[in-house]
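Inspection log for the structure reproduced underneath, given as structure tokens.
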Amino acid sequence: MVSVPASPAPLIRQRLFALTALLLGASLPTSNFLMNVALGLTLVCLLWQRDGRQWQAVARQPLVWLPALIVALLALSLLTHDYAYGTAMVGKYKKLLYVLPLALFFLADRRLPAQFLRGFLWANALILAISLAGGAGLATRWGISPDNPTVFKLQITQNVFMALAALVWLTRAVAGHGARRWQYGALTLLAAANVLLMVQGRTGYVALVVGAGVWLLLTLRRRQRMAVIACGVVAVAMLALIPNLAMERLTLGVQQVRHCVLAPAATAYQACDNSMGQRTAFARESWRLIQQAPLLGNGAGSFWYGNAQTGYSVHNPHNEYLLATVQNGLLGLTLFLAWMWCCYRVAWRQPTARRNLLVAVLCSYMACHLFNSFLLDSSEGHLFVVIAAMLAGWALTPRENTPQNIHYMNE
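Okay, so the sequence shown: first residue is 1 according to the UniProt record's numbering, each after it adds one.
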């Protein structure tokens, strides 16, 4: 009897899924073009698979329909409010609709989240190497300044993603053994130094401190927690007493807020014309708009701050909570917080190692939302959409407690 060789189509499809997940993870810290290519490939993968059995179950997940409802409210506000930036604002939030197809994509193979994470970490390792070389003055020919060695993205994006990569490397250093523990430990220290001492911007500090702090509190035993807290106090004291860039930037930020708050109305714009000063002015303007329409908001694109004489204008208060309330009122803020709560609920039901890492990342995002509108931003927003999509898929699968699966996202 002659055996018929198996069709290569399933193997090719499996490799395409894996390559797409890897490319999606690697593209977020590096290239919007590659990210769009990866998102397009996810649709190709789903069309090739042609499996609609889980579509309805995924669509019923609050993790999927809550962000879709947020986008729908913004789109409906265009019918009742006419702002020049309204359509563009809705376009920036349409990425929230990708939760459904991405959830279906990651459900196709339980190994795809690990592939995504692998691509994300490889890209950040490359960025770290180039940034360290740039900080040492070895990459000036490529236009990388030693004073602010950013590589592919702006400083906020690079710092936040590097902080999240440092968090993952920290989890692997603690769980690893032998040479791998030292390798991941070295990556963690180098990434933390890159965030705190090399690349400008304070949002990365928040992501790193909150993420690592929450993960350590969830992971370590009581005595270990006390030891970490003591080490943290010593580290903060050393940063405060020894001159360094991190404390200089934090001190400057406090001074900028103070000068903006105390400035008279006649010179308020000039006094607030800096990073933290503008964020203070954004909060004032947001509060004024919230008072005008507290329940249903002022509509998409309603926030504006600028100077007609210089032509400067911005439609983003750099605070996701304020932006949600300004545009969709308390209803929009409630929907946003409900979405975050659903993310926490699903994350908390995961196996221990995965749970601790996911909760730490979610806490980092929640803290950074105070200083930036990350759902509005391309890279940071798409990363959160990917995380929400993974959680939506895991919400449909039973909890796996075998040792192999406990460290699944940490492999």
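Just so it is clear, CB atoms sit at the ideal spot from N, CA and C, and this is done for glycine as well. Values in this document were obtained by computation on a predicted structure and should not be read as measured data.
Apart from sequence neighbours up to five positions away, the residues of its chain that approach V214 with a beta-carbon distance below 7 Å are V359, A360 and C363, ordered along the chain. Here the alpha carbons of V209 and G176 stand approximately 22 Å from one another. Sorting A237, V261 and V37 by C-alpha distance to the C-alpha of Q278 places V261 at the top.
Runs of alpha helix (DSSP H) with 4 or more residues, each lying fully within the stretch 52–97, are found at 55–59, 62–80 and 86–93, listed in chain order. With contact defined as three or more Cβ pairs closer than 8 Å, the stretch 139–157 and the stretch 186–203 are in contact.
The continuous beta strand (DSSP E) containing G306 extends over residues Y305 to N307. Going by C-alpha positions, A283 is about 30 Å away from D147. By the Cβ rule, the stretch 322–336 does not count as touching the stretch 174–189, because fewer than three pairs are nearer than 8 Å.
Sixteen is the threshold: when 16 or more other Cβ atoms of the shown chains lie within 10 Å of the Cβ of M198, as they do, the residue is buried. When only Cα atoms are considered, A281 and V44 end up about 45 Å apart. Here DSSP, grouped into helix, strand and coil, assigns S313 to strand. The Cβ-Cβ distance between K95 and G381 falls below 8 Å. Apart from the 5 residues on each side of it in sequence, L128 sits with its Cβ closer than 7 Å to the Cβ of M162, L190, A191 and N194 in its chain, given in chain order. Beta-bridge partners assigned by DSSP to N148: S145.
Within the stretch 108–134, there are no complete beta strand (DSSP E) runs of at least 3 residues.
Apart from sequence neighbours up to five positions away, the residues of its chain that approach L69 with a beta-carbon distance below 7 Å are L335, ordered along the chain.
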